[in-house]
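Protein chains in written order, with this note's numbering: chain Y, 1 to 165; chain S, 1001 to 1165. Structure first, commentary second.
Printed below as a string of C-alpha cells:
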C-alpha cells in the first residue's frame, strides 16, 4: 500500500469504519511508515481538539437583542395576520393583475401604442358627445326661428282649428 | 423562555461556523428572528430542540453557501471561554488550550467547502449522512472532504507539536 493510498483511508481508520481486511492493510502500512503514523496521531489530536472546543457565553448585548425580538414580532403580528387572511387573496390577485396591466400600458412599447389608440378612442367619443350637446342646445333656437312657418303649415292643414272647436 | 434555553447553543454554532464573535451575534439574531417567524409551522409531534437546531444549522449552511465567510478571517479563540473550560472537568492530554487555539486558527487555512464539512463533522458531531443531506453533496464527497480537511489540519499542527515534545 502506498502512502497516499493510506492517507485516503486514515479518517475511516480513525473512526473504525474499515472492514477487517482493509484495517489490517492500513495497520501493516502504519507499522512500516513513520510519516503516516505521525500523521494519524496528529489527525487524532486535531479531532480531539475540535471536539473539545468550549462553549462561549453570549454577550449581554446579544441577549438584550434576542429578548427584544418577541416584542417586535408582537407589534407587527396583527397587521401581518390581517394581510395574510385567505379572504384577502383574491383582492391581492386582482390588484396585482391590474398593476401588471397598468405597467404594461405605461412602459411597454406595444402598450404605448395601445395607450395612444385608447386615448384617441376616448377623445373621439368625448368629441362626439360634445357635438351632440351643442346640437341639443341649438334645438330651442331653431324651433323659435321656424315657429311662424311651422304654425302657418299647421293652420293650412286645419289641425289647430279643429282642436279649438 | 426560548432565549434562556437556546441562545448559548445557537450562538456557539454560529461562532464555530463564522469564527467571528461579531458575525456570530448577527447570525444568532437572524436565527432567532427566523425561529419566532416559524413557530407557527412547528409540528408538535417533533422534538423541539432538534427542530430548532436544524433550523439554526440550515440557516448557517445557507449563509455559508452565499460565500459570506470567504471574505472574513477567524478571530482568535475567545480567551475567557478557554479559561472557563478549565472548570469543565479534566482535560484530555492532547486537547490542551494551545491545541484548541491552534486548531481554531488552523481552520482558516482550509477552503470554505472543506472547513464547513470539518466543522459539521468534528465540532457539531453530525453524521456523514446528515452532512451530505444538508450540503446537498454525495456521501463520498463529504467523506473525502472531511479526510482532506483533517489531513490539512494535521499537517498544519504537527510541526508545533514536535517542538513541544
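The beta carbon of each residue, even a glycine, is placed where N, CA and C say it ideally should be.
Please confirm if residue i has its CB atom under 7 Å from at least one CB of chain Y.
i                       : result
residue 1047 of chain S : no
residue 1029 of chain S : yes
residue 1123 of chain S : yes
residue 1153 of chain S : yes
residue 1108 of chain S : no
residue 1011 of chain S : yes
residue 1008 of chain S : yes
residue 1052 of chain S : no
residue 1128 of chain S : no
residue 1098 of chain S : no
residue 1025 of chain S : yes
residue 1055 of chain S : no
residue 1166 of chain S : For chain S, the structure presents residues 1001 to 1165; residue 1166 of chain S sits outside this window and is missing.
residue 1032 of chain S : yes
residue 1139 of chain S : no
residue 1145 of chain S : no
residue 1085 of chain S : Its pLDDT being 47, under 50, residue 1085 of chain S is placed unreliably by the model, and the measurement read from it follows with that caveat. Output row for residue 1085 of chain S: interface = yes.
residue 1074 of chain S : no
residue 1135 of chain S : no
Against chain S, does residue i count as a neighbour if the rule is that its beta carbon must be under 7 Å from one of theirs?
i                      : result
residue 79 of chain Y  : no
residue 4 of chain Y   : no
residue 13 of chain Y  : no
residue 129 of chain Y : no
residue 126 of chain Y : no
residue 66 of chain Y  : yes
Exposed or buried, what is residue i when buried is set at 16 or more other beta-carbons lying within 10 Å of its beta-carbon?
i                       : result
residue 1115 of chain S : buried
residue 1046 of chain S : exposed
residue 124 of chain Y  : exposed
residue 1138 of chain S : exposed
residue 4 of chain Y    : exposed
residue 71 of chain Y   : exposed
residue 116 of chain Y  : exposed
residue 21 of chain Y   : exposed
residue 60 of chain Y   : exposed
residue 43 of chain Y   : buried
residue 9 of chain Y    : buried
residue 114 of chain Y  : exposed
residue 52 of chain Y   : buried
Would you call the CB atoms of residue i and residue j closer than 7 Å?
i                       : j                       : result
residue 46 of chain Y   : residue 1153 of chain S : yes
residue 55 of chain Y   : residue 1012 of chain S : yes
residue 1036 of chain S : residue 129 of chain Y  : no
residue 1075 of chain S : residue 1018 of chain S : no
residue 1147 of chain S : residue 11 of chain Y   : yes
residue 62 of chain Y   : residue 1025 of chain S : yes
residue 66 of chain Y   : residue 1003 of chain S : yes
residue 1123 of chain S : residue 1029 of chain S : no
residue 1006 of chain S : residue 1052 of chain S : yes
residue 1041 of chain S : residue 58 of chain Y   : no
Apart from the five residues just before and just after residue i, which ones in its own chain have a Cβ nearer than 6 Å to its Cβ?
i                       : result
residue 1149 of chain S : 1110, 1114 and 1118
residue 1126 of chain S : 1120
residue 1130 of chain S : none
residue 13 of chain Y   : 26
So, for residue i: in the same chain, excluding its five sequence neighbours on each side, which residues have a beta-carbon less than 8 Å away from its beta-carbon?
i                       : result
residue 1157 of chain S : 1099, 1102, 1103 and 1106
residue 100 of chain Y  : none
residue 1034 of chain S : 1055 and 1059
residue 6 of chain Y    : 26, 29, 30, 33 and 36
residue 1128 of chain S : 1121, 1139, 1142, 1143 and 1146
residue 1087 of chain S : With a pLDDT of only 46 at residue 1087 of chain S, under the threshold of 50, the placement of this residue in the model should not be trusted; the figure read from the coordinates follows. Here the set comprises nothing.
residue 40 of chain Y   : 10, 13, 14 and 30
For the ligand NAP, any of its heavy atoms closer than 6 Å to the Cβ of residue i?
i                       : result
residue 1014 of chain S : As presented, the structure is devoid of all ligands, the ligand NAP included, so that no description of it is given.
Using a Cβ-Cβ cut-off of 7 Å (strictly less than) and excluding sequence neighbours within five positions of residue i, which residues of its own chain qualify?
i                       : result
residue 1056 of chain S : 1010, 1013 and 1031
>> Counting only Cβ-Cβ distances shorter than 9 Å, please list the residues of the segment 46-64 of chain Y near chain S, keeping chain order.
In response: Residues 46, 47, 48, 49, 50, 51, 52, 53, 54, 55, 56, 57, 58, 59, 61, 62 and 63.
> Between the segment 34-45 of chain Y and chain S, which residues of the former have CB atoms less than 9 Å from a CB of the latter, in chain order?
Replying inline: Contact residues of the segment 34-45 of chain Y toward chain S are 38, 39, 40, 41, 42, 43, 44 and 45 (C-beta to C-beta distance below 9 Å).
>> At a CB distance below 7 Å, what residues from the segment 80-93 of chain Y approach chain S? Give them in sequence order.
In response: Residues of the segment 80-93 of chain Y whose Cβ lies closer than 7 Å to any Cβ of chain S: none.
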